[in-house]
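Numbering (my numbering), first residue to last: 33 to 399.
Now the structure itself:
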């Protein structure tokens with residue numbers, strides 16, 4: 033093996049980023065990358081090293097992999113930047129450059145793995161690992177039991193779960209979720225419309241929430257944290273995704289924790305450490321939708337534009353005593369659908385007053 037091939041292999045083996053292989057790319061980054069890649073590929077081609085064909089083949093293959101990662105970084109505008117988080121698990125390398133988003137118990141890092149957009153949920157404290165374990169368990173059950181069903185679209189996808197050592201050596205659990213493109217959270221909607229939105233615009237959102245809950249309850253799961261931060265909507269196709277299954281428990285168990293920013297939205301049984309049931313989720317769903325309609329979680333303070341039948345349905349879901357509250361998400365779904373048909377006629381696609389940007393999940397613009 034000649035010295036040039038040895039030096040190249042050494043560089044490839046020790047590189048931590050494409051920039052350490054191809055160097056800075058000034059001007060037209062794609063054109064510069066192509067030139068440098070071709071030059072290195074020619075130098076490493078196995079035909080040039082018949083006496084070291086295996087080593088040359090290894091270098092040639094590694095160069096192709098680094099070239100693809102460089103192209104992906106150029107496309108995302110992050111070539112040469114230092115990642116905020118990196119992790120490797122089961123042969124997949126996760127790399128995130130954006131600022132993390134703060135969650136209740138996690139830092140949320142937008143990232144990519146092999147060109148696929150993902151979200152790394154990293155426990156803020158090692159002791160919160162049990163909540164990420166609960167989420168991973170729930171999402172694995174959802175993936176297994178709802179595979180191929182249309183309702184699967186309302187629930188997130190777990191791509192991976194592992195422990196990651198931080199700078200101090202402490203190990204924190206990480207859940208990797210597939211990104212949901214062109215979506216925005218209900219919190220973003222409320223920031224844009226602090227006095228709430230038209231009931232006709234909120235109708236499909238509530239329908240999707242009820243469908244997601246119906247699916248989860250059929251699997252024996254209580255979500256336990258339904259609030260505007262944890263509902264993503266995709267206005268383009270009227271889908272909604274129910275996020276953050278860290279608080280989920282089997283039906284009949286008390287919640288292990290609740291979201292402090294929304295403590296006032298929980299029903300009495302949660303604060304009393306009593307069993308959580310489908311009625312618990314329906315209380316939280318009604319709180320969420322009353323916020324969407326009025327900016328507040330109190331059904332008694334809904335604006336006059338909310339039809340009386342919708343007001344009555346939400347009030348029933350907010351009865352403090354869980355045994356008097358609706359406990360069947362599919363029955364509430366059917367009741368709500370009847371109300372909508374009587375009030376608005378046959379279902380029709382209604383453009384939402386906000387659209388999601390096609391960049392980062394959760395970004396939005398009013399229309």
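In this text, a Cβ means the ideal position worked out from N, Cα and C, and glycines have one as well.
These figures come from a predicted structure and were not determined experimentally.
Legend entry - Pairwise C-alpha distance: residue 120 and residue 236: By one-based count along the chain shown, residue 236 stands at place 204. By one-based count along the chain shown, residue 120 stands at place 88. Computed Cα separation, rounded: 39 angstroms.
Legend entry - Nearest candidate by alpha-carbon position, reference residue 212, set 382, 196, 191, 259: For the purposes of this step, residue 212 is identified with residue 180 of the chain shown, where counting begins at 1. With respect to the C-alpha of residue 212, the residue from 382, 196, 191, 259 having the closest C-alpha is 191.
Inset, instruction - Can you have a look at residue 127 and say buried or exposed, based on whether 16 or more other CB atoms are within 10 angstroms of its CB? - result: Working through the chain shown from its first residue, we reach residue 127 at position 95. Looking at its Cβ environment, which holds 16 or more other Cβ atoms inside 10 Å, residue 127 is buried.
Legend entry - Cα-Cα separation, residue 225 to residue 321: Against the chain shown, residue 225 aligns to sequence position 193. Against the chain shown, residue 321 aligns to sequence position 289. Distance between the alpha carbons of residue 225 and residue 321 is about 13 angstroms.
Inset, instruction - Pull up the distance between the alpha-carbon of residue 318 and that of residue 254, whole angstroms please. - result: In the chain shown, the residue the question calls residue 318 occupies position 286. In the chain shown, the residue the question calls residue 254 occupies position 222. Between residue 318 and residue 254, the C-alpha separation is close to 15 angstroms.
Inset, instruction - Enumerate in chain order the residues of its own chain whose CB-to-CB distance from residue 376 is below 7 angstroms, with the five nearest sequence positions on each side excluded. - result: Taking the chain shown and counting its residues from 1, one reaches residue 376 at position 344. The answer, listed in chain order, is 232.
Legend entry - residue 207 beta carbon less than 9 angstroms from that of residue 148: Mapped onto the chain shown, residue 148 falls at position 116. Mapped onto the chain shown, residue 207 falls at position 175. No, the pair does not count as a contact, with Cβ atoms beyond the cut-off.
Inset, instruction - Look at the Cβ atom of residue 281, then the Cβ atom of residue 247, and state whether they are nearer than 9 angstroms. - result: If you number the chain shown from 1, residue 281 lands on position 249. If you number the chain shown from 1, residue 247 lands on position 215. Their beta carbons are not under 9 angstroms apart, which means residue 281 does not touch residue 247 by this criterion.
Legend entry - The alpha helix (DSSP H) enclosing residue 373, as first and last residue numbers: The sequence position of residue 373 within the chain shown is 341, counting from 1. Taken as a continuous stretch (DSSP letters only), the alpha helix (DSSP H) holding residue 373 covers 361 to 376.
Inset, instruction - Within 10 angstroms of the Cβ of residue 356, are there 16 or more other Cβ atoms? Answer buried if so, exposed if not. - result: Counting from one through the chain shown, the residue named residue 356 turns up at place 324. Classification of residue 356: exposed, given that the 10 Å Cβ count is below 16.
Inset, instruction - Please confirm whether any heavy atom of the ligand MN lies closer than 8 angstroms to the CB of residue 124. - result: Questions concerning the ligand MN fall outside what the structure shown contains, since it holds no ligand whatsoever.
Legend entry - Run of the beta strand (DSSP E) containing residue 193, from where it starts to where it stops: Here residue 193 is taken as the residue at index 161 of the chain shown, counted from 1. Unbroken beta strand (DSSP E) run through residue 193: 190 to 197.
Inset, instruction - Throw me the rounded Cβ distance for the residue 139 and residue 154 pair, which I believe falls under 8 angstroms. - result: For the purposes of this step, residue 139 is taken as the residue at position 107 of the chain shown. For the purposes of this step, residue 154 is taken as the residue at position 122 of the chain shown. So it is a contact: roughly 5 angstroms between Cβ atoms.
Legend entry - Coil, strand or helix - residue 398 by DSSP: Along the chain shown, one-based indexing puts residue 398 at 366. Confidence in residue 398 is poor, its pLDDT being 38 and thus under 50, which makes the residue's placement too unreliable to answer from.
Inset, instruction - Tell me where the alpha helix (DSSP H) around residue 249 begins and ends. - result: Position 217 of the chain shown holds residue 249. 231 to 250 is the span of the alpha helix (DSSP H), which, as asked, contains residue 249.
Inset, instruction - Classify residue 95 as buried or exposed, calling it buried when 16 or more other Cβ atoms lie within 10 Å of its own Cβ. - result: Sequence index remark: in the chain shown, residue 95 carries index 63 (1-based). That one is buried.
Inset, instruction - Rank 125, 239, 302 by C-alpha distance to the C-alpha of residue 194 and give the top, closest one. - result: Within the chain shown, the letter at position 162 stands for residue 194. Of the residues 125, 239, 302, the one whose Cα lies closest to the Cα of residue 194 is 125.
Inset, instruction - Would you list the one or two residues that DSSP bridges to residue 324? - result: Position 292 of the chain shown holds residue 324. Residue 324 pairs with nothing; no bridge assigned.
Inset, instruction - Mind checking which residues open and close the alpha helix (DSSP H) that includes residue 117? - result: Mapped onto the chain shown, residue 117 falls at position 85. Element bounds for residue 117: not the alpha helix (DSSP H) but the beta strand (DSSP E), 117 to 121.
Inset, instruction - Compare the beta carbon distance of residue 205 and residue 288 with 9 angstroms and say whether it is the shorter of the two. - result: Here residue 205 is taken as the residue at index 173 of the chain shown, counted from 1. Here residue 288 is taken as the residue at index 256 of the chain shown, counted from 1. No, Cβ-Cβ distance for residue 205 and residue 288 is not below 9 angstroms.
Inset, instruction - Please determine if the region 262 to 278 and the region 327 to 338 are in contact, where contact requires at least 3 C-beta pairs separated by less than 8 angstroms. - result: no
Legend entry - Pair within 9 angstroms by beta-carbon distance, residue 216 and residue 264: Translated into positions along the chain shown, residue 216 becomes position 184. Translated into positions along the chain shown, residue 264 becomes position 232. Yes.
Inset, instruction - Answer with buried or exposed for residue 399, where buried requires no fewer than 16 other C-beta atoms within 10 angstroms of its C-beta. - result: For the purposes of this step, residue 399 is taken as the residue at position 367 of the chain shown. Confidence at residue 399 is low in this model, with a pLDDT of 35, below 50, so its placement is unreliable and the value that follows should be read with caution. Exposed, because fewer than 16 other Cβ atoms sit within 10 Å of the Cβ of residue 399.
Legend entry - Pair within 9 angstroms by beta-carbon distance, residue 141 and residue 61: By one-based count along the chain shown, residue 141 stands at place 109. By one-based count along the chain shown, residue 61 stands at place 29. Going by C-beta atoms, residue 141 is not nearer than 9 angstroms to residue 61.
Legend entry - Neighbourhood of residue 113 by C-beta, 6 angstroms cutoff - its chain only, sequence neighbours within 5 removed: Locating residue 113 in the chain shown gives position 81, where the first residue counts as 1. Hits under 6 angstroms: 129.
Inset, instruction - Return the CA-CA distance between residue 45 and residue 197, expressed in angstroms with no decimal places. - result: Numbered from its first residue, the chain shown carries residue 45 at position 13. Numbered from its first residue, the chain shown carries residue 197 at position 165. So the alpha carbons of these two residues sit roughly 22 angstroms apart.
Legend entry - Outcome for residue 276 when other beta-carbon atoms lying within 10 angstroms are tallied against a minimum of 16: Stepping through the chain shown from its first residue, residue 276 is reached at position 244. By the 10 Å Cβ count, residue 276 comes out buried.
Inset, instruction - Flag this pair as yes or no: are the beta carbons of residue 106 and residue 143 separated by less than 9 angstroms? - result: Counting from 1 along the chain shown, the entry for residue 106 is found at position 74. Counting from 1 along the chain shown, the entry for residue 143 is found at position 111. No; because the gap between Cβ atoms is not below 9 angstroms, this pair is not in contact.
Legend entry - Alpha carbon of residue 93 to alpha carbon of residue 151, nearest angstrom: Position 61 of the chain shown, counting from 1, holds the residue named residue 93. Position 119 of the chain shown, counting from 1, holds the residue named residue 151. Taking the straight line joining both Cα atoms gives about 28 angstroms.
Inset, instruction - Output the boundary residues of the alpha helix (DSSP H) element that contains residue 106. - result: Along the chain shown, one-based indexing puts residue 106 at 74. Per DSSP, residue 106 belongs to the alpha helix (DSSP H) from 85 to 108.
Inset, instruction - Compute the distance between the beta-carbons of residue 244 and residue 294, then report whether it is under 9 angstroms. - result: The residue given as residue 244 occupies position 212 in the chain shown. The residue given as residue 294 occupies position 262 in the chain shown. No.
Legend entry - Span of the beta strand (DSSP E) around residue 142: The residue labelled residue 142 in the question sits at position 110 within the chain shown. It spans 138 to 145 - the beta strand (DSSP E) in which residue 142 sits, taken as one unbroken run.
Inset, instruction - Run the CB neighbour count on residue 301, radius 10 Å, all protein chains shown included, and call it buried at 16 or more, exposed below. - result: Translated into positions along the chain shown, residue 301 becomes position 269. Answer is buried; the Cβ neighbour count reaches 16.
Inset, instruction - Using three-state DSSP, classify residue 161 as helix, strand or coil. - result: The residue you call residue 161 lines up with position 129 of the chain shown. Three-state DSSP puts residue 161 in a helix.
Inset, instruction - Give every residue of the same chain whose Cβ lies closer than 6 angstroms to the Cβ of residue 158, excluding the five residues on either side of it in the sequence, and list them in chain order. - result: By one-based count along the chain shown, residue 158 stands at place 126. Excluding positions up to five away in sequence, the list reads 202, 204.
Inset, instruction - Could you check which residue in 83, 239, 122, 146 has the C-alpha nearest to that of residue 183? - result: If you number the chain shown from 1, residue 183 lands on position 151. Considering only alpha carbons, the answer is 239.
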